[in-house]
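Trainee:
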Amino acid sequence: MSYIIQGETGPWEVVIGLEVHAQVISEAKLFSGASATFGGEPNTHVAFLDCGMPGMLPVINAECVRQAVKTGLGLNAIINKRSVFDRKNYFYADLPLGYQISQFAHPIVGEGTIILDLKDGTSREVGIERLHLEIDAGKSLHDQHPAKSFIDLNRAGVALMEIVSKPDMRSPEEAGAYLKKLRAILRYLGTCDGNMEEGSMRADVNVSVRHPGEPLRTRCEIKNVNSVRFVMQAIEYEAQRHVEVYEQGGIIEQETRLFDSAKGTTRPMRSKEFAHDYRYFPDPDLLPLEFDQAFVDEIEAGLPELPDAKKARFIADYGLSPYDAGVLVAEKETAAYFEAAAEGHDAKAVANWVMGDLFAALNRTGKDITEAPVKPENIGKLVDLIKDETISGRIAKDVFEIMLETGDAPDRIVEERGLKQVTDTGAIEAVIDEVIAANPDKVAEVKAGKEKLLGWFVGQAMKASQGKANPGMLNDLIRKKLLG
Amino acid sequence: MTELTNLTLAEARDGLAKGDYTSVELTEAFLARMQAHKGLNAFIVDCPEVALERARASDARRAKGETKGPMDGAPVAIKDLFCTEGVQTTAASKILEGFKPQYESTVSAKLRDGGAVMLGKTNLDEFAMGSANITSAYGNVVSPWVAEDDTDKLVPGGSSGGSAAAVSARLCLAATGTDTGGSIRQPAAFTGIVGLKPTYGRCSRWGIVAFASSLDQAGPMTRTVRDAAIMLGQMAGFDAKDSTSAKVALPDFEKALTGDVRGLKVGIPKEYRPDGLNSEIAALWDQGIAWLKDAGAEIVEISLPHTDKALATYYIVAPAEASSNLARYDGVRYGLRVENGGNLDEMYMKTRAAGFGKEVKRRILIGTYVLSAGYYDAYYLKAQKVRALIANDFAEAFKKVDVILTPTAPSDAFPIAGGAKVDPITMYLNDVFTVPASLAGVPAMSIPGGLSQRGLPLGLQLIGRPFDEETILRAAGVMEAAAEFSAVPTLLRGTK
Chain A
428 MSYIIQGETG
438 PWEVVIGLEV
448 HAQVISEAKL
458 FSGASATFGG
468 EPNTHVAFLD
478 CGMPGMLPVI
488 NAECVRQAVK
498 TGLGLNAIIN
508 KRSVFDRKNY
518 FYADLPLGYQ
528 ISQFAHPIVG
538 EGTIILDLKD
548 GTSREVGIER
558 LHLEIDAGKS
568 LHDQHPAKSF
578 IDLNRAGVAL
588 MEIVSKPDMR
598 SPEEAGAYLK
608 KLRAILRYLG
618 TCDGNMEEGS
628 MRADVNVSVR
638 HPGEPLRTRC
648 EIKNVNSVRF
658 VMQAIEYEAQ
668 RHVEVYEQGG
678 IIEQETRLFD
688 SAKGTTRPMR
698 SKEFAHDYRY
708 FPDPDLLPLE
718 FDQAFVDEIE
728 AGLPELPDAK
738 KARFIADYGL
748 SPYDAGVLVA
758 EKETAAYFEA
768 AAEGHDAKAV
778 ANWVMGDLFA
788 ALNRTGKDIT
798 EAPVKPENIG
808 KLVDLIKDET
818 ISGRIAKDVF
828 EIMLETGDAP
838 DRIVEERGLK
848 QVTDTGAIEA
858 VIDEVIAANP
868 DKVAEVKAGK
878 EKLLGWFVGQ
888 AMKASQGKAN
898 PGMLNDLIRK
908 KLLG
Chain B
8 MTELTNLTLA
18 EARDGLAKGD
28 YTSVELTEAF
38 LARMQAHKGL
48 NAFIVDCPEV
58 ALERARASDA
68 RRAKGETKGP
78 MDGAPVAIKD
88 LFCTEGVQTT
98 AASKILEGFK
108 PQYESTVSAK
118 LRDGGAVMLG
128 KTNLDEFAMG
138 SANITSAYGN
148 VVSPWVAEDD
158 TDKLVPGGSS
168 GGSAAAVSAR
178 LCLAATGTDT
188 GGSIRQPAAF
198 TGIVGLKPTY
208 GRCSRWGIVA
218 FASSLDQAGP
228 MTRTVRDAAI
238 MLGQMAGFDA
248 KDSTSAKVAL
258 PDFEKALTGD
268 VRGLKVGIPK
278 EYRPDGLNSE
288 IAALWDQGIA
298 WLKDAGAEIV
308 EISLPHTDKA
318 LATYYIVAPA
328 EASSNLARYD
338 GVRYGLRVEN
348 GGNLDEMYMK
358 TRAAGFGKEV
368 KRRILIGTYV
378 LSAGYYDAYY
388 LKAQKVRALI
398 ANDFAEAFKK
408 VDVILTPTAP
418 SDAFPIAGGA
428 KVDPITMYLN
438 DVFTVPASLA
448 GVPAMSIPGG
458 LSQRGLPLGL
468 QLIGRPFDEE
478 TILRAAGVME
488 AAAEFSAVPT
498 LLRGTK
């Protein structure tokens, strides 16, 4: 899985770290009590604090603290029972207070780890540096009026978790796998919906390159990339750019860049002259955030089974391959579907149907597993029908198509449409005899040694049985009849 | 009706209860007096309609035999740093001109809900930054006091100079103040009234225009110690909307006025008697010590070793917080906006250049500087460490004593004309005795002790343990009785 850019001066390795902003799922904003619901008419979810009215004070929303601790536990991270909110000072029209309330020196969550599931079935550990709570800014709308900008403060003050990885990733694929895994964990926990398109999860990507074994070189930060695919594209472009600059004898300046998704390139966001001095200092309106171990223990006790544990269980209990288990646990809903389908049935066969025909059908129709037209227990039944030879694998494919269309149970479909496999020797023989009788010339050819034609007889007989004949029996009987 | 405006808050409470007069009568008397003394410029906004409406409501309640507490029907003034619903709130800054909040600060709401009548919003130094009330965008406040040997108009002190002048000149029964480094106590001393800065966290900061969040504290400004006790009870209390508000029991402060200080240990910090201390101030301090000693208190010399670092510490911490707190005044959502077709940054610059006065700009610059990369450790971080040492000085001292007695200000009031010429550092020295208690967050109050040779009021400061306002009120009551301070402002002598 190594990703190396071959340059004229030798091979280059890419070093990647990600800062993910994940919007906390909560009823109310982090400090103001206003609704944190997405959408709504502009400026309808705004408390006096959110619009920076004089004398307004922040009060921490305990639910957001719980969500951050829960996420920290999900990332196997150190929970800091004492953390401090700071002010990050800068002016912008959609930042009503003139500062963002964030956590700088003392975040609520410290170091943790995420295990990446890679395509080849192997896994790799990526370190989490920290997770801190902060408020989101509002939104500037520049396209509503020819000369003015409009400001929507619905988002201002909404709780975000900034989750910072260590610079542990070495390829665009690993960065993609990291984002997918982080998103899966957040969704399992119910602490962030992980919806990158709506902006409830956004990534800042730090990229540098080096010759293997060298110390780290200067990094560039690509801000606010809003899909996994774009993150991977941005890394590819940026790494290539660094290599080219270095190989032409240039130097890389530490800077903030933007990803242009239309061109697949990055460009500088602001020049160094305007680099912000955020003048962080502890917010005097808020006391340090403190809680006891019992608070953490209570949250820990309520944690759901997370992807890694579920994957291990799927491997152990269902005998799945690490790859299949990884695919099935990637989304909480898929894992739940699989478990419901596999319950009491051949789990490996169920996994194949889910990951094969079902996923294909969902892809084709643009549906989500929660909208699957086939009930999970019906996949289990279908697998059983094949196993007990009620239907053949070939007929099962047809049955599945009917299940997709009608949502009916497979046993009912087989029953109503008479698709049950014929295993009665006499009935199969009768069909074979008809085919033999109708094709004396071909019978003669077979007997003269052209055994290839046997397959043709099998096909004809199967067709005559409307596909219901047990394929094994049909084969044996034809051989016996024609070759003796 | 002149005698009505001479009532203390406690007297008015009792008179209202007895039916000697109505709240409307009281209110009209004060409104008339406010009109007559517009020249003091003590108020930025008068609100006679609001006042009379509340006075009538109070009288109606009383007629039905109901009252909302000891201040029901009492006409008071509110410093224009408290946001008042529907009534212009400016912090004495041009940048907030015309701003009418849609909410009421917790403290003013408690007073309102206790039946108090708001006469108007008092003038102050812009954003409470100043010690002379000469930085207000709405003009300086004139003290009702004039020196015997002079005709110069004097400053009332600051930043709560409007409230101090209004209480001293009997334009209201009492007023709210806020104190960040001495803004209640120093003007109280300059105008011969009582000013109490409670423990940080005792009164909610919600709805008070912020200057320096870790220091700002609201408190009463009154003519007597008893009045301060009554009014503090109406202003204080835990508020879930202020994360720094303290969940402590609210005592009946008036009950603390037992008149008995026998055995009370009074600390006299040697660091407050530097070489060159004004001899009048030193003499008054000695007088104060004698009063308490005569009443049976035990006088203990103590040391607050980091006192000389307090002023420098304060003038780093307060501007740092202010530079951030005042960032919201950007012309985007409310208040002044100056734009002539420029971009966003230009609008910020023009708006803030036009909207803020010189002193506010100076403090924003100082605050921005001390928080900047490369300077943070040397200034802000070091100041925080020294602040902890100063707080520890008090904690150590209060292991030995129950209350600390010091002068309030290093001099009596100075002329307005001179004040404008005073360099900022000299001006900042006004806070030298008040700032340490602010940094430590402990309660402190100024009471009138006597007059200077020029016939101007001088104040004495009592500093107490955290959340022990009762002890300083008790000691203050004893000193007030001993001082027999009966001098009235020059202004009142003329109108008698």
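These protein sequence lines map, in sequence, to chains A and B. Numbering of the first sequence is given in my numbering, commencing with residue 428 and proceeding in unit increments. Numbering of the second sequence is given in my numbering, commencing with residue 8 and proceeding in unit increments. Where a beta carbon is used, it is the ideal one built from N, C-alpha and C, also for glycine.
1) Is A:Leu560 close to chain B? Criterion is C-beta to C-beta, closer than 7 angstroms.
2) Using a cut-off of 7 angstroms between C-beta atoms, extract the partners of B:Gly214 located in chain A.
3) Evaluate B:Gly364 with the Cβ neighbour count: other Cβ atoms within 10 Å of its Cβ, from every protein chain shown; 16 or more gives buried, anything less gives exposed.
4) Residue ranges of each beta strand (DSSP E) run of no fewer than 3 residues wholly in the stretch 598-668 of chain A, ordered along the chain?
5) Return the chain-ordered ranges of every alpha helix (DSSP H) run that is complete within the stretch 104-143 of chain B and spans a minimum of 4 residues.
6) Check for me: the beta strand (DSSP E) holding A:Tyr526 runs from which residue to which?
7) Do you know offhand how far B:Ala247's Cα is from A:Arg493's?
8) Quick one: does A:Leu713 have its CB under 7 angstroms from some CB of chain B?
9) Spell out whether any CB of chain B is found under 7 angstroms from the CB atom of A:Asn516.
10) Determine which residues share a DSSP beta bridge with B:Ile306 and list them.
11) Near B:Leu38, which residues of its chain fall below 6 angstroms by C-beta distance, leaving aside the five closest residues on each side in sequence?
12) DSSP three-state label for A:Asp547, please.
13) Can the beta-carbon of B:Glu92 be found closer than 7 angstroms to that of B:Glu111?
14) Name the two residues that bound the continuous beta strand (DSSP E) containing A:Ser567.
15) With 16 other CB atoms within 10 Å as the buried threshold, where does B:Asp352 fall?
16) Report, in whole angstroms, the separation of the C-beta atoms of B:Thr358 and B:Arg344, which I expect to be a contact under 8 angstroms.
17) Inspect the CB distances between the stretch 300-320 of chain B and the stretch 261-279 of chain B and report whether three or more fall short of 8 angstroms.
18) Short check: CB of B:Asp234 to CB of A:Leu484, under 7 angstroms?
19) Confirm, please, whether the CB-CB distance from B:Asp79 to B:Gly122 is below 7 angstroms.
20) Can you pull the chain B neighbours of A:Asp704, defined as C-beta to C-beta under 8 angstroms?
21) Quick check: the Cα distance between A:Ile813 and A:Glu804, rounded to an integer number of angstroms?
22) Just mark A:Gly467 as buried or exposed, buried being the case when its beta carbon has 16 or more other beta carbons within 10 Å.
23) Between A:Ile542 and the rest of its own chain, which residues show a CB-CB distance below 6 angstroms, the 5 nearest in sequence each way excluded?
24) On a Cα-Cα basis, can you pick out the residue from B:Ala19, B:Val485, B:Arg61 and B:Leu33 that is closest to B:Ala302?
25) Consult DSSP for A:Pro848 and reduce its assignment to one of helix, strand or coil.
26) Examine the Cβ distances between the stretch 444-454 of chain A and the stretch 604-613 of chain A and report whether three or more of them are shorter than 8 angstroms.
27) Listed from N- to C-terminal order along the chain, which residues in the stretch 321-343 of chain B have their beta-carbon within a distance smaller than 7 angstroms of any beta-carbon of chain A?
28) Once DSSP output is grouped into helix, strand and coil, what is the label at B:Met356?
29) Rounding to the nearest angstrom, what Cα-Cα distance links B:Ala62 and B:Val83 in this structure?
30) B:Leu351 touches chain A at which residues, Cβ-Cβ below 7 angstroms?
31) Using a Cβ cut-off of 7 angstroms, pull out every chain B residue sitting near A:Gly479, in sequence order please.
32) Which of the three DSSP states, helix, strand or coil, is assigned to A:Gly676?
33) Express the C-alpha separation of B:Lys254 and A:Arg557 in angstroms, rounding to a whole number.
34) So A:Val486 contacts chain B; which residues on that side make the cut at Cβ distance below 9 angstroms?
35) In three-state terms, what does DSSP make of A:Gly753?
36) Is there a C-beta anywhere in chain A that falls below 7 angstroms from the one on B:Tyr28?
Mentor: In brief:
1) Along the first sequence, read from residue 1 onward, the residue named residue 560 of chain A stands at position 133. Not closer than 7 angstroms to any Cβ of chain B, the Cβ of A:Leu560 fails to qualify, so no.
2) The sequence position of residue 214 of chain B within the second sequence is 207, counting from 1. Neighbours of B:Gly214 on chain A, chain order: Gly482.
3) For the purposes of this step, residue 364 of chain B is taken as the residue at position 357 of the second sequence. Counting Cβ neighbours within 10 Å, B:Gly364 comes out buried, since at least 16 surround it.
4) 628-637 and 647-652
5) 113-120
6) One-based indexing of the first sequence puts residue 526 of chain A at position 99. Per DSSP, A:Tyr526 belongs to the beta strand (DSSP E) from Tyr526 to Ser529.
7) For the purposes of this step, residue 247 of chain B is taken as residue 240 along the second sequence, with counting starting at 1. For the purposes of this step, residue 493 of chain A is taken as residue 66 along the first sequence, with counting starting at 1. Approximately 19 angstroms between the Cα atoms of the pair.
8) Taking the first sequence and counting its residues from 1, one reaches residue 713 of chain A at position 286. By this cut-off, A:Leu713 is an interface position.
9) Here residue 516 of chain A refers to the residue found at position 89 of the first sequence. Chain B, which has a Cβ nearer than 7 angstroms to the Cβ of A:Asn516, makes this yes.
10) Taking the first residue of the second sequence as position 1, residue 306 of chain B is located at position 299. According to DSSP, which records beta bridges pairwise, B:Ile306 is partnered with B:Val273.
11) By one-based count along the second sequence, residue 38 of chain B stands at place 31. So the list reads Pro55, once near-sequence residues are dropped.
12) Stepping through the first sequence from its first residue, residue 547 of chain A is reached at position 120. Three-state DSSP puts A:Asp547 in coil, outside helix and strand.
13) Sequence index remark: in the second sequence, residue 92 of chain B carries index 85 (1-based). Sequence index remark: in the second sequence, residue 111 of chain B carries index 104 (1-based). Yes, these two residues count as a Cβ contact at 7 angstroms.
14) Looking up residue 567 of chain A in the first sequence gives position 140. Counting along the chain, the beta strand (DSSP E) containing A:Ser567 begins and ends at Lys566 to Leu568.
15) Counting from one through the second sequence, the residue named residue 352 of chain B turns up at place 345. With fewer than 16 Cβ atoms within 10 Å of its Cβ, B:Asp352 is classed as exposed.
16) For the purposes of this step, residue 358 of chain B is taken as residue 351 along the second sequence, with counting starting at 1. For the purposes of this step, residue 344 of chain B is taken as residue 337 along the second sequence, with counting starting at 1. Yes, they are in contact, since the Cβ atoms of B:Thr358 and B:Arg344 sit about 5 angstroms apart, within 8 angstroms.
17) yes
18) In the second sequence, counting from the first residue as 1, residue 234 of chain B sits at position 227. In the first sequence, counting from the first residue as 1, residue 484 of chain A sits at position 57. In this structure, A:Leu484 does not lie closer than 7 angstroms to B:Asp234 by Cβ.
19) Within the second sequence, residue 122 of chain B is the residue found at index 115, counting from 1. Within the second sequence, residue 79 of chain B is the residue found at index 72, counting from 1. Yes; because the gap between Cβ atoms is below 7 angstroms, this pair is in contact.
20) Taking the first residue of the first sequence as position 1, residue 704 of chain A is located at position 277. Per Cβ cutoff of 8 angstroms: Ser379 and Ala380.
21) Translated into the one-based positions of the first sequence, residue 813 of chain A becomes position 386. Translated into the one-based positions of the first sequence, residue 804 of chain A becomes position 377. C-alpha separation (whole angstroms): 15 angstroms.
22) Counted from its first residue, the first sequence places residue 467 of chain A at position 40. It is exposed - the Cβ of A:Gly467 has fewer than 16 other Cβ atoms within 10 Å.
23) Stepping through the first sequence from its first residue, residue 542 of chain A is reached at position 115. So the qualifying residues of the chain are Ser550, Glu552 and Asp735.
24) In the second sequence, the residue the question calls residue 302 of chain B occupies position 295. Of the listed residues, the one whose Cα sits closest to B:Ala302 is B:Val485.
25) Here residue 848 of chain A refers to the residue found at position 421 when the first sequence is read from its first residue. Note that residue 848 of chain A is Gln in the sequence shown here, rather than Pro. In this structure, A:Gln848 counts as coil in the three-state DSSP scheme.
26) yes
27) Ala327, Glu328, Ser331, Ala334, Arg335, Asp337, Val339 and Arg340
28) Position 349 of the second sequence, counting from 1, holds the residue named residue 356 of chain B. The answer is helix: DSSP assigns B:Met356 an H, G or I state.
29) Position 55 of the second sequence, counted from the start, is the residue given in the question as residue 62 of chain B. Position 76 of the second sequence, counted from the start, is the residue given in the question as residue 83 of chain B. In a straight line, the C-alpha of B:Ala62 is about 11 angstroms away from that of B:Val83.
30) Taking the second sequence and counting its residues from 1, one reaches residue 351 of chain B at position 344. By Cβ distance, chain A contributes Ala520.
31) For this step, residue 479 of chain A is matched to residue 52 along the first sequence. Ordered by position in chain B, the residues that pass the 7 angstroms Cβ test against A:Gly479 are Arg335 and Arg340.
32) For the purposes of this step, residue 676 of chain A is identified with residue 249 of the first sequence, where counting begins at 1. Reduced to three states, the DSSP call for A:Gly676 is coil.
33) Here residue 557 of chain A refers to the residue found at position 130 when the first sequence is read from its first residue. Here residue 254 of chain B refers to the residue found at position 247 when the second sequence is read from its first residue. The alpha-carbon atoms of A:Arg557 and B:Lys254 are separated by roughly 32 angstroms.
34) Taking the first residue of the first sequence as position 1, residue 486 of chain A is located at position 59. Going along chain B in sequence order, the residues near A:Val486 (Cβ under 9 angstroms) are Ala247, Lys248, Asp249 and Ser250.
35) Locating residue 753 of chain A in the first sequence gives position 326, counting from the first residue. Reduced to three states, the DSSP call for A:Gly753 is helix.
36) Looking up residue 28 of chain B in the second sequence gives position 21. It does not; no Cβ of chain A falls within 7 angstroms.
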